[in-house]
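The opening residue of the sequence shown carries number 1 in my numbering; numbering runs sequentially from there.
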Amino acid sequence: MDFALSEEQQSLYKTIVEFARDVVEPGAGERDREGRFDRDVWDACGQVGLTGMCIGEEWGGMGAGAVDTGLALEALSYGGLDAGLGLSLGAHLVIGAKPIELHGTDEQKAAYLPKLASGEWIGAWGITEPDHGSDTSGITSRGVPDGDHWILNGTKTFITNGPVCDVFTVIVRTDGAHEEGAGGGGMTAFILPRDTPGLSVGNVLDKSGNRSSPTSEMVMVDVRVPDSARLGPIGTAQWAIGFECFSWERTVMLGSAIGGMQRGLDDSIAYAKERQAFGKPIAHFQTIAHKLADMKINLESARLMLRYGAWKKDQGLDHQMEASMAKAYVGACALANADAAIQIHGGWGYIKDFPVERGWRDAKLSTIGGGTSEIQKVIISRMLLA
Ligand SMILES: Cc1cc2nc3c(=O)[nH]c(=O)nc-3n(C[C@H](O)[C@H](O)[C@H](O)COP(=O)(O)OP(=O)(O)OC[C@H]3O[C@@H](n4cnc5c(N)ncnc54)[C@H](O)[C@@H]3O)c2cc1C
């Protein structure tokens, strides 16, 4: 058993932290206030390979696995303090590009992956609908066969990168459509380039945190696409593609939350040593020192749990339980640590000049996006009781 990062992993982490300090952190607070996605910062991420982190080298990516992609997101978040960028990048990688790499035809991979890997194109993914989030089995967006084409209708919401994406992979209901050998009914995925007639960006959502990541509806009105736009077999997308996406989200994307926790702890330690009350640094009060200790315990246990799930994924081992445990646990720890960081900063922690203020707004998403904490406990308990 070896818990240590390899030299290559340490070097990857250090390089990305330095990049993030130089390129991402300046302006991160302003982007949060303005709720602005910055294309220049995105392009800079593309130039250092981040936009192709877990995409195969044959498509221009870095070919990294789950552990290393999570580590890259952790480093980006730690150095850059821009949770929205981590969200956009994570979604682009693991739910935008990865389904195409895992399930696409050679033509689909060649058409999309090089542009996604370089960052020239931005990926997005849509399963959630206004009336169906946790209950993905209830989605009502529909795909109906029309000769060798399909007609898609419906509205997806909460789409990370929606307003800026170039390619959108969507899951729709295709009950009644059949494919020999693949069963029938259920749900099917389609890859829609941004300029597909009938596809448009709907309402742009004004979020509490992760504000530099743009989020919107994606609306399909009589979108007519050839069967070659279909991703994977008919009728199996909910399980074969949707749940696989969730497992990537739960073991990899939360790397950003770990980086945010590390930064919140570092900032809180520095503040507690410097801030004086009653004639001494507040770090000398046991209530403050113990908050720091609790933050450290949360951080290291959350990091281990996430990396264990990612490691199992990389080994090809079953990791559904670990992915759900990581999602629920990291979310709870991230939120608790963000709250403690504000408390340690006192009134200043509640003021927007201090990065810990946005830490709480950013951390809250870890308990919602990619499947809520409640849903993770439903999954875990079902597995325990099966
Ligand atoms: C910033 C952001 C980005 C997102 N990005 C994307 C994206 O790129 N693509 C995409 O498709 N989706 C995306 N989502 C959607 C996200 O996955 C959903 O918000 C999430 O799955 C919850 O769905 P919901 O919001 O409809 O809540 P609901 O399903 O309505 O849940 C409401 C509450 O009820 C609880 N609940 C529901 N069912 C159960 C149950 N069976 N047992 C116990 N409790 C239950 C939930 O835990 C929650 O507390 C994003 C969301 C956000 C906020």
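Idealized CB from N, CA, C, for every residue including glycine.
Judging by CA-CA distance, which residue of the options is the nearest neighbour of residue i?
| i | options | result |
| --- | --- | --- |
| Asp318 | Met383, Thr236, Ile288 and Gly186 | Met383 |
| Arg21 | Ile191, Ala341 and Leu81 | Leu81 |
| Asp175 | Trp59, Gly235, Trp311 and Phe354 | Gly235 |
| Gln376 | Glu357, Met325 and Leu365 | Met325 |
| Gly264 | Gly209, Gly154, Tyr78 and Ala91 | Tyr78 |
| Ser366 | Gly309, Lys291, Gly242 and Met253 | Met253 |
| Glu57 | Ile380, Lys109 and Val24 | Lys109 |
| Glu374 | Ile297, Asp32, Arg39 and Asp135 | Asp135 |
| Ala189 | Asp206, Val219 and Gly143 | Gly143 |
| Thr215 | Val221, Asp222, Asp206 and Val223 | Asp206 |
| Gly126 | Lys14, Leu71, Val219 and Trp348 | Val219 |
| Trp389 | Val225, Lys156 and Thr196 | Residue 389 is absent from the model: the chain starts at 1 and stops at 386. |
| Thr15 | Lys312, Leu76 and Ala66 | Leu76 |
| Phe243 | Gln10, Trp348, Asp195 and Gly371 | Gly371 |
| Leu73 | His92, Gly60 and Trp59 | His92 |
| Ser118 | Val164, Gly186, Gln9 and Val48 | Val48 |
| Leu192 | Arg250, Ala97 and Asp267 | Ala97 |
| Asp267 | Phe354, Pro197 and Pro130 | Phe354 |
| Gly61 | Thr157, Gly347 and Tyr112 | Tyr112 |
Are there 16 or more other CB atoms within 10 angstroms of the CB of residue i, so buried, or fewer, so exposed?
| i | result |
| --- | --- |
| Glu180 | In this predicted model, Glu180 has a pLDDT of only 48, less than 50, meaning its place in the structure is not dependable enough to derive any value. |
| Val204 | exposed |
| Pro99 | buried |
| Ile351 | exposed |
| Lys327 | buried |
| Leu304 | exposed |
| Leu385 | exposed |
| Gly147 | exposed |
| Tyr279 | One point to set straight first is that residue 279 is Gly, not Tyr, in the sequence displayed. Per the 10 Å Cβ criterion, exposed. |
| Ser228 | exposed |
| His290 | exposed |
| Gly104 | buried |
| Arg173 | buried |
| Lys312 | buried |
| Val221 | exposed |
| Gly316 | exposed |
| Trp239 | exposed |
| Glu120 | exposed |
| Ser11 | exposed |
| Val1 | Note on identity: in this sequence residue 1 is Met, with Val being the wrong assignment. By the neighbour-count rule (16 or more Cβ atoms within 10 Å), Met1 is not buried but exposed. |
| Ala66 | buried |
| Ala4 | exposed |
Residue i bridges to which residues according to DSSP?
| i | result |
| --- | --- |
| Val225 | Trp150 |
| Leu231 | Ala189 |
| Arg142 | Asn153 and Arg173 |
| Gly124 | Just to set this straight, residue 124 is Ala in the shown sequence, not Gly. According to DSSP, Ala124 bridges with Phe168. |
| Thr136 | BP columns for Thr136 are empty, so no partner. |
| Thr367 | DSSP output for Thr367 lists no bridge partner at all. |
| Thr160 | Thr215 |
| Glu129 | His132 |
| Thr236 | Met187 |
Subject >> Segments assigned alpha helix (DSSP H), at least 4 residues, entirely inside the region 277–347 >> reply: Those alpha helix (DSSP H) runs which fall completely within the region 277–347 and span 4+ residues are 286–314 and 320–345.
**OP:** Give, in chain order, every unbroken run of the beta strand (DSSP E) that is at least 3 residues long and sits entirely within the region 168–221.
**Re:** Segments of the beta strand (DSSP E) lying fully in the region 168–221: 187–193 and 199–204.
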